[in-house]
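*Asks:*
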Amino acid sequence: MIPDVSKALTWLESHPDALNGIRRGIERETLRVTPEGQLAASGHPEILGKALTHPWITTDFAESLLEFITPVDPSIDHMLSFLTDIHRYVARNLGSERMWPMSMPCFINKEEDIVLAQYGSSNVGRFKTLYREGLKNRYGALMQTISGVHYNFSLPIDFWRAWAGVEDAESGKEQISAGYFRLIRNYYRFGWVIPYLFGASPAICSSFLNGRETNIPFERDGHMLYLPYATSLRLSDLGYTNKSQNDLGITFNNLPDYVTALKKAIHTPSPEFAKLCVKVDGHYRQLNANVLQIENELYAPIRPKRVTKGDESPSDALLRGGIEYIEVRSLDINPFTAIGVNAEQSRFLDLFLIWCVLADAPEMSSDELLCTRKNWNRVILEGRKPGQTIGIGCDTERQPLAKVGKELFADLQRVAEVLDSINGNKQYQQVCTKLVACFEDASLTYSAQVLEQMKEKGVGGFGRELSERYREQLSSEPLEVLTEEQLQQQVEASIKRQAAMETQDSMPGAIGFEEYLHLHAGC
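Residue numbers (this note's numbering): 14 to 536.
1. Could you have a look at Y132 and say whether DSSP puts it in helix, strand or coil?
2. Can you check DSSP and say which residues form a bridge with K292?
3. In the structure shown, what three-state DSSP assignment does K123 receive?
4. Can you tell me which of the three DSSP states C218 falls into?
5. Cα separation between R36 and L289?
6. Please work out which residues of its chain come closer than 6 Å, Cβ to Cβ, to V504, disregarding the five sequence neighbours upstream and downstream, and give them in chain order.
7. With distance defined between alpha-carbon atoms, name the residue in P48, F95, V417, H28 nearest to F475.
8. Cutting at 7 Å between CB atoms, please list the residues of its own chain near S326, excluding the five before and the five after it.
9. Does the Cβ of R427 have 16 or more other Cβ atoms within 10 Å, making it buried, or fewer, making it exposed?
10. What is the DSSP secondary structure of Q443, reduced to helix, strand or coil?
11. At the level of alpha carbons, what is the spacing between E340 and D234?
12. Quick check: what's the CA-CA separation for E528 versus V293?
13. What residues in its chain sit with their C-beta under 6 Å from that of N136, if we drop five residues either side in the sequence?
14. Can you give me the C-alpha to C-alpha distance between H424 and I367, rounded to a whole angstrom?
15. Compute the Euclidean distance between the alpha carbons of D345 and L96, then round it to the nearest angstrom.
16. Look at the Cβ atom of G353, then the Cβ atom of T43, and state whether they are nearer than 9 Å.
17. Just to confirm, does Y483 get its C-beta within under 8 Å of one of the non-hydrogen atoms of the ligand SAH?
18. Write down the C-beta distance between I89 and R360 rounded to the nearest angstrom, noting that I regard them as a contact closer than 8 Å.
19. CA-CA distance, L25 and G138?
20. What's the C-alpha gap between Y209 and I393?
21. Within a Cβ cutoff of 7 Å, which residues of the same chain sit near P215, ignoring the five residues on either side of it in sequence?
22. When DSSP builds the beta bridges, which residues end up paired with R41?
23. How big is the Cα-Cα spacing for H236 and L222?
24. So, is E337 buried or exposed, given that buried needs 16 or more other C-beta atoms within 10 angstroms?
25. Specify the secondary structure class of K470 as computed by DSSP and reduced to three states.
26. For the alpha helix (DSSP H) containing I99, name the first residue and the last one.
27. Measure the C-alpha to C-alpha separation of L500 and V85 and round it to an integer number of angstroms.
28. Who are the near neighbours of R41 in its chain, counting only those whose CB is closer than 6 Å to its CB and skipping five residues on each side?
29. For T23, report the span of its alpha helix (DSSP H) as first-last.
30. Would the beta-carbon of P413 fall within 9 Å of that of G404?
31. To the nearest angstrom, how far is the alpha carbon of L311 from that of S379?
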């Protein structure tokens, strides 16, 4: 069931320095809410700067959906301190509003109450808002208010030199990309371990359905809808799904095939989305009527990434330089910490992603990729069910989830020992010891603990209690790695950058928005 990684682990133990210099970054989303736990109706606070141009504090789908971004960092502790300082600064500047501490949204009375994120009058700003208009019309605004944590991860070039024999990132981009695709294929096969351990959305507020039908057999407790053994309803069909994407044939076997399939998706007309029309009475309703408006609309639990240059598309950046890092997108907001993620989760992801690179990963067909979704769904909807089983691929015999999990952790323990030898402590091994116990006792998982609290206090009560506690905590704590001056400088710089962009786009001879759309979205 678990690939035999013994040779690769022995190699790693003899090359511990290959892991020295792992780089990480975090993106955390959170809704702004009122003291009563309802969606904030106010716009993105001016005091926080401009969402379009601020490097650390921005918005995602809605004006009320904050997103905090850390720079790339080789230190977990420094990265989390940086993220905490952003939270502290925002908490002190939100007035009476709070940050919602969970993935599934707070009480939302009407979908029309959700205001799309606004990015000003520049072409790129209008483009970003129109893209969100398309998402709203395609999938509904409620789905887009779901929050998560994205974990960006890259291995050091020394690893690729030792593991794949490359000289540098440029000449070795094909081998490095092949290594990251190996990681991604194993992530699809075994990544269900993430919602099992860290899923924290086993229940939703009934307002989230807003009268919609669902095939999920919910149980009801007041205004709470839940499944007794669910782990992450955020990752279920209630969350970020696009059934039309199932037929795209996107696989993760090599870079050219991946990019070709992705580019095909953004140029393939969708009969369903064509019914929405692109433009009605002079107003755009979406960027285009294709299966994907742009590449970011591909909903995936993990993505290969490279920092883009200029107007470069994400796929063109990958073709130019190969995969630079991967973005893990399966983490729920952790409600047991004020910043939505903790060091335990970061260290586990390091261990698991390294294992995914080392373990054999046969190429996957698009059919097998869909089969892995069945495993994920089983864990998402009833992962804590006693005796739960799991399979790999389409034809393999299912085995007890607890057995597979413990076999995986036997390998992760060896990776942990290597990382701890670099850092001179036992922090990674301690994470292994703590988390492997979750396969013997599912009540130790995040989802079990969350559901217990929600049954006692309700979804809203639990969320309001935490949001108030974290507001007081963050507002009173001193900054650790940033200063008020640095934070204020970023606010002022973001205002100047946006103003400059808007001035440039309004000057004589500048291209208009219609032409910009034609160039960037094929309108």
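A virtual CB, placed ideally from N, CA and C, is assigned to each residue, including glycine.
*Replies:* With the structure as the only source:
1. Position 119 of the sequence shown, counted from the first residue, corresponds to residue 132. Three-state DSSP puts Y132 in coil, outside helix and strand.
2. Within the sequence shown, numbered from 1, the residue matching residue 292 stands at position 279. Y297.
3. Taking the first residue of the sequence shown as position 1, residue 123 is located at position 110. Here K123 sits in coil by DSSP.
4. By 1-based counting over the sequence shown, the position of residue 218 is 205. Strand.
5. For this step, residue 36 is matched to residue 23 along the sequence shown. For this step, residue 289 is matched to residue 276 along the sequence shown. Those two C-alpha atoms are separated by around 42 Å.
6. Your numbering for residue 504 matches position 491 in the sequence shown. Within the same chain, V504 has close Cβ partners G62.
7. Numbered from 1 along the sequence shown, position 462 holds the residue referred to as residue 475. Comparing Cα-Cα distances from F475 to each of P48, F95, V417, H28, the minimum goes to P48.
8. Mapped onto the sequence shown, residue 326 falls at position 313. Result list for S326: E308, in chain order.
9. Position 414 of the sequence shown, counting from 1, holds the residue named residue 427. R427 comes out buried.
10. What you label residue 443 is simply residue 430 of the sequence shown in a count that begins at 1. Three-state result, Q443: helix.
11. Your numbering for residue 340 matches position 327 in the sequence shown. Your numbering for residue 234 matches position 221 in the sequence shown. In a straight line, the C-alpha of E340 is about 36 Å away from that of D234.
12. Within the sequence shown, numbered from 1, the residue matching residue 528 stands at position 515. Within the sequence shown, numbered from 1, the residue matching residue 293 stands at position 280. So the alpha carbons of these two residues sit roughly 18 Å apart.
13. Counted from its first residue, the sequence shown places residue 136 at position 123. For N136, where only same-chain residues beyond five positions count, the Cβ hits under 6 Å are D518, F526, Y529.
14. Within the sequence shown, residue 424 is the residue found at index 411, counting from 1. Within the sequence shown, residue 367 is the residue found at index 354, counting from 1. The residue asked about is misnamed: residue 424 is Asp in this sequence, not His. Near 11 Å, if we compare the C-alpha coordinates of I367 and D424.
15. Walking along the sequence shown from the start, residue 345 turns up at place 332. Walking along the sequence shown from the start, residue 96 turns up at place 83. Whole-angstrom Cα-Cα distance: 16 Å.
16. The residue given as residue 353 occupies position 340 in the sequence shown. The residue given as residue 43 occupies position 30 in the sequence shown. Result yes, Cβ atoms of G353 and T43 sit closer than 9 Å.
17. For the structure depicted, the ligand SAH is absent and the ligand set is empty, with no information on it obtainable.
18. Mapped onto the sequence shown, residue 89 falls at position 76. Mapped onto the sequence shown, residue 360 falls at position 347. Contact flag correct, Cβ pair sits at about 7 Å.
19. Counting from one through the sequence shown, the residue named residue 25 turns up at place 12. Counting from one through the sequence shown, the residue named residue 138 turns up at place 125. Their backbone Cα atoms lie some 46 Å apart in a straight line.
20. Here residue 209 refers to the residue found at position 196 of the sequence shown. Here residue 393 refers to the residue found at position 380 of the sequence shown. Each residue's alpha carbon lies about 7 Å from the other.
21. Translated into positions along the sequence shown, residue 215 becomes position 202. Result list for P215: Y239, L240, A243, T244, L246, S460, V463, L464, in chain order.
22. Here residue 41 is taken as the residue at index 28 of the sequence shown, counted from 1. Answer by DSSP bridge pairing, in chain order: F81, V162.
23. In the sequence shown, counting from the first residue as 1, residue 236 sits at position 223. In the sequence shown, counting from the first residue as 1, residue 222 sits at position 209. Going from the Cα of H236 to the Cα of L222 covers about 11 Å.
24. Taking the first residue of the sequence shown as position 1, residue 337 is located at position 324. Buried is the call here.
25. In the sequence shown, residue 470 corresponds to position 457, counting from 1. If DSSP states are grouped into helix, strand and coil, K470 belongs with the helices.
26. Taking the sequence shown and counting its residues from 1, one reaches residue 99 at position 86. Element bounds for I99: 89-105.
27. Here residue 500 is taken as the residue at index 487 of the sequence shown, counted from 1. Here residue 85 is taken as the residue at index 72 of the sequence shown, counted from 1. Their backbone Cα atoms lie some 17 Å apart in a straight line.
28. Reading the sequence shown from its first residue, position 28 is the one you call residue 41. Counting only Cβ-Cβ distances below 6 Å, and skipping sequence neighbours, we find F81, V162, G353.
29. Against the sequence shown, residue 23 aligns to sequence position 10. Where T23 is concerned, the enclosing alpha helix (DSSP H) stretches over 19-27.
30. Taking the first residue of the sequence shown as position 1, residue 413 is located at position 400. Taking the first residue of the sequence shown as position 1, residue 404 is located at position 391. No; because the gap between Cβ atoms is not below 9 Å, this pair is not in contact.
31. Position 298 of the sequence shown, counted from the first residue, corresponds to residue 311. Position 366 of the sequence shown, counted from the first residue, corresponds to residue 379. Those two C-alpha atoms are separated by around 15 Å.
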